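Residue numbers (UniProt numbering): 1 to 284. In this text, a Cβ means the ideal position worked out from N, Cα and C, and glycines have one as well. The model shown is predicted, which means the values in this text are computed figures rather than measured ones.
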Amino acid sequence: MALMKVKDILQHATENHYGVAAINVFNYETVKWAAEAAKRERIPLIIQLYPGFESYISLHHVAAFAKEFAENADVPIAVHLDHSASYEIAVRGIKAGFPSVMVDGSACPFEENVEMTKAVVRTAAVFGVDVEAELGHVGSGASLDDIVNSDNYTNVEQAVDFVEKTGCGSLAVAVGNAHGAYVQTPNLDFDRIKKLRAALSVPLVLHGCSDIPHEQLQESVRLGMSKFNIATEYFRACYASICAAANPENKDGSFMSILNEASEGAIDFVRGKMRLLNPNGFSL
1 MALMKVKDIL QHATENHYGV AAINVFNYET VKWAAEAAKR ERIPLIIQLY
51 PGFESYISLH HVAAFAKEFA ENADVPIAVH LDHSASYEIA VRGIKAGFPS
101 VMVDGSACPF EENVEMTKAV VRTAAVFGVD VEAELGHVGS GASLDDIVNS
151 DNYTNVEQAV DFVEKTGCGS LAVAVGNAHG AYVQTPNLDF DRIKKLRAAL
201 SVPLVLHGCS DIPHEQLQES VRLGMSKFNI ATEYFRACYA SICAAANPEN
251 KDGSFMSILN EASEGAIDFV RGKMRLLNPN GFSL
């Protein structure tokens, strides 16, 4: 099955009432393990890269081998550049070959966010690239205010105006979620999710899904959230799998052997998230 567009996968997920795991990656193995999980679960997947990892690996390299995995997969896989904090970063992602990019102007005043997002949408359209945007403040899980202060959450009326003005293909929203490890267990604003879903035609995206209680993630799926970004928990699972495979007493150890042994733990983690986000048991 060929590489799929993010917008097509999210539309399919919305129509079939499942959530799509959007797994953040940073090297060949993290892409390979996520793709294998999708193959085994028979459900679509989004592989995405945070541009802040560019100091470790180039955008071009990840786009190239992630797309190759997608093109050779027998389930739909999309490839996406996560959290571009400026027009320039988003365009660099387009130039590197990402078929979908996120532009995150949520830290800017509303009108600046609109103008930045519109500019990315115009440029992306020339190359047939999908655009995800963000409205509301999805901050840090280490900040209690970012999690519990509803002033940070996405305003429904503003969201309608934003989508109409920008033409973005999907919208990341703030509903009590945040990035990284949480200082306190989050409590998502389900009433706001319900209102956003009723008011907007584009797919909705939930960032900061690591460590959100399972029942809250499943309720978000039922209420119509479509894309679920997972990074912190995946990297933690990869780390734990590698630690479990390592043996300091083995003087003839092989790094390749450790990665091969670690693969099942990482794959199992992604499969578990896919099942969690698929409460109705959809399968291709």
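Distances from the alpha-carbon of residue 78 to those of 19, 106, 7 put 7 closest. Segment contact: the stretch 1-20 against the stretch 214-223, three or more CB-CB distances shorter than 8 angstroms; contact assigned.
In the three-state DSSP reduction, residue 78 falls in the strand class (E or B). Only exposed fits residue 284, as fewer than 16 other CB atoms lie within 10 angstroms of its CB. For the set 270, 279, 195, the Cα lying nearest the Cα of residue 39 is the one of 270. Remark: three or more beta-carbon pairs, one from each stretch, lie closer than 8 angstroms, so the stretch 172-188 and the stretch 150-161 are flagged as touching. CA-CA distance, residue 239 to residue 147, rounds to 26 angstroms. Distance from residue 246 to residue 199 at the Cβ level is roughly 50 angstroms; contact not present, criterion being Cβ atoms closer than 8 angstroms.
The C-beta separation of residue 43 from residue 80 comes to about 17 angstroms, leaving the pair out of contact by the 8 angstroms criterion.
Between residue 4 and residue 252, the alpha-carbon positions lie close to 42 angstroms from each other.
About 6 angstroms separates the beta carbon of residue 94 from that of residue 127, a gap short enough to meet the 8 angstroms contact definition. Boundaries of the alpha helix (DSSP H) around residue 146: 144-148. Between residue 122 and residue 113, the alpha-carbon positions lie close to 14 angstroms from each other.
Taking 3 residues as the shortest admissible run, the stretch 69-143 contains the following complete beta strand (DSSP E) segments, listed from N- to C-terminal end: 77-84, 100-103, 130-135. Between the stretch 255-267 and the stretch 225-238 there are three or more C-beta pairs closer than 8 angstroms, enough to call the two in contact.
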